[in-house]
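Numbering (our numbering), first residue to last: 1 to 347.
Glycine included, every Cβ here is placed at the ideal spot set by N, Cα and C.
Accompanying notes for the structure given below.
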């Protein structure tokens with residue numbers, strides 16, 4: 001089998017074909033236009049038979065390439081950058097360049113034959129775009145709130161205790177208060193920041209309601225998990241990008257970065273934090289776990305059992321996240337109507 005590893009970039013993609021032993025067979029660099037992607041596909045046809053594409057998982061620059069490959073029926077896997085970096089570090093070639101990274105991507109795919117297949121999921125893509133846009137606006141609002149806080153401090157405008165600057169009612173009161181001040185340019189800037197924060201806050205709320213409305217009919221079983229709200233379910237759905245591409249719940253947990261990593265040598269078995277996998281997906285599972293520790297008795301009982309057995313609270317929380325990965329996997333399969341789906345209780 002031939003594996004074509006691709007190192008994608010904004011304006012160009014470098015591809016290197018390797019055989020089943022990782023030996024390089026050919027190399028090409030093409031642009032990011034439709035005509036150049038066709039040239040890439042034609043170049044790969046010189047190796048007929050079984051062919052697999054491995055593309056480094058670069059969130060924003062590999063989209064058009066993946067759509068072109070999947071649209072022509074190619075078998076494609078996405079390789080996490082950490083796997084590629086390890087394959088590059090183990091090679092005899094020193095340094096970092098596109099011709100070095102591309103075969104490292106292909107060799108990482110050879111070493112990890114269970115990587116999930118990529119496929120087109122337009123619903124998940126739309127939800128991910130809306131989530132990314134909302135998160136960008138939230139980050140922008142946070143920066144403006146920080147600047148506004150320093151201006152309010154200099155203007156000696158005290159905030160009521162417990163009142164956040166992302167609440168429109170609080171911002172409206174501040175706007176009226178600053179309007180009565182003779183603060184010159186500083187008061188003018190503060191008033192402008194307040195107007196912009198109000199506008200962004202309203203847009204963030206609109207996006208939240210839109211995302212939740214889109215997610216509700218898609219994953220009702222997932223939303224039934226205690227501690228899984230609309231935005232968290234949307235993040236899980238977007239980062240999963242099709243649960244059927246995972247061969248098992250264990251592969252799903254590996255994708256989520258919740259699979260335990262053994263770190264012992266002797267009689268005491270220990271596991272450490274898995275820093276691999278999709279970190280945004282992992283953060284969504286963490287939010288569910290932390291919420292369940294407050295409101296869900298089975299989760300509280302699980303953590304208590306683990307801590308009583310000698311685990312730290314952090315280690316017990318990792319166990320809970322690993323269990324939640326299984327729960328989320330089966331709930332997503334139930335939402336997609338996959339055969340043979342079971343419904344374990346959220347712990």
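Query raised in the report: Should residue 185 go down as buried or exposed, given a rule of 16 or more other Cβ atoms within 10 Å for buried?
Result: exposed
Query raised in the report: With a CB to CB cut of under 7 angstroms and the five nearest residues on each side skipped, what residues in its chain are close to residue 177?
Result: 157
**Report entry** For residue 258, the first and last residue of its enclosing alpha helix (DSSP H)
**Finding:** No alpha helix (DSSP H) holds residue 258; DSSP gives it neither H nor E.
Query raised in the report: Residues bridged to residue 28 by DSSP?
Result: 15
Query - Candidates 114, 129, 115, of which the one nearest residue 121 by Cα - result: 129
Query raised in the report: Can you give the Cα-Cα distance for residue 320 and residue 82, rounded to whole angstroms?
Result: 25 angstroms
**Report entry** Residues sharing a beta bridge with residue 76, DSSP
**Finding:** 53
Query raised in the report: Just how far apart, CA to CA, sit residue 42 and residue 289?
Result: 48 angstroms
Requested in this report: Determine the contact status of residue 325 and residue 232, defining contact as a CB-CB distance below 7 angstroms.
Outcome: no
Query - Given 8 angstroms, three or more beta-carbon pairs between the segment 247-263 and the segment 326-333 - result: yes
Query - residue 236, DSSP secondary structure in three states - result: helix
Query raised in the report: Terminal residues of the continuous beta strand (DSSP E) containing residue 5?
Result: 2-8
Query raised in the report: Relative to the C-alpha of residue 277, which residue among 98, 78, 215 is closest?
Result: 78
**Report entry** Same chain, Cβ closer than 7 angstroms to residue 220, five either side skipped, listed in chain order
**Finding:** 335
Query raised in the report: How far does the alpha helix (DSSP H) with residue 291 in it reach, from first residue to last?
Result: 279-295
Requested in this report: Going by DSSP, name the residue or residues bridged to residue 305.
Outcome: Per DSSP, none; premise fails for residue 305.
Requested in this report: Have a look at residue 155 and residue 170 and give me their C-alpha separation to the nearest angstrom.
Outcome: 17 angstroms
Query - Continuous alpha helix (DSSP H) stretch holding residue 208: start and end - result: 184-215
Query raised in the report: Are the segment 141-154 and the segment 194-206 in contact at 8 angstroms, needing three or more beta carbon pairs?
Result: yes
Report task. Using alpha carbons as the reference points, say which of 9, 230, 302, 112 lies closest to residue 209. Result -> 230
Query - Coarse secondary structure for residue 156, derived from DSSP in three states - result: coil
Requested in this report: Going by CA-CA distance only, name the one from 80, 52, 84, 294 that's closest to residue 70.
Outcome: 52
Query raised in the report: Exposed or buried, what is residue 163 when buried is set at 16 or more other beta-carbons lying within 10 Å of its beta-carbon?
Result: exposed
Query raised in the report: Tell me the DSSP bridge mates of residue 272?
Result: 261
Query raised in the report: Can you tell me the Cα-Cα spacing of residue 131 and residue 235, whole angstroms?
Result: 7 angstroms
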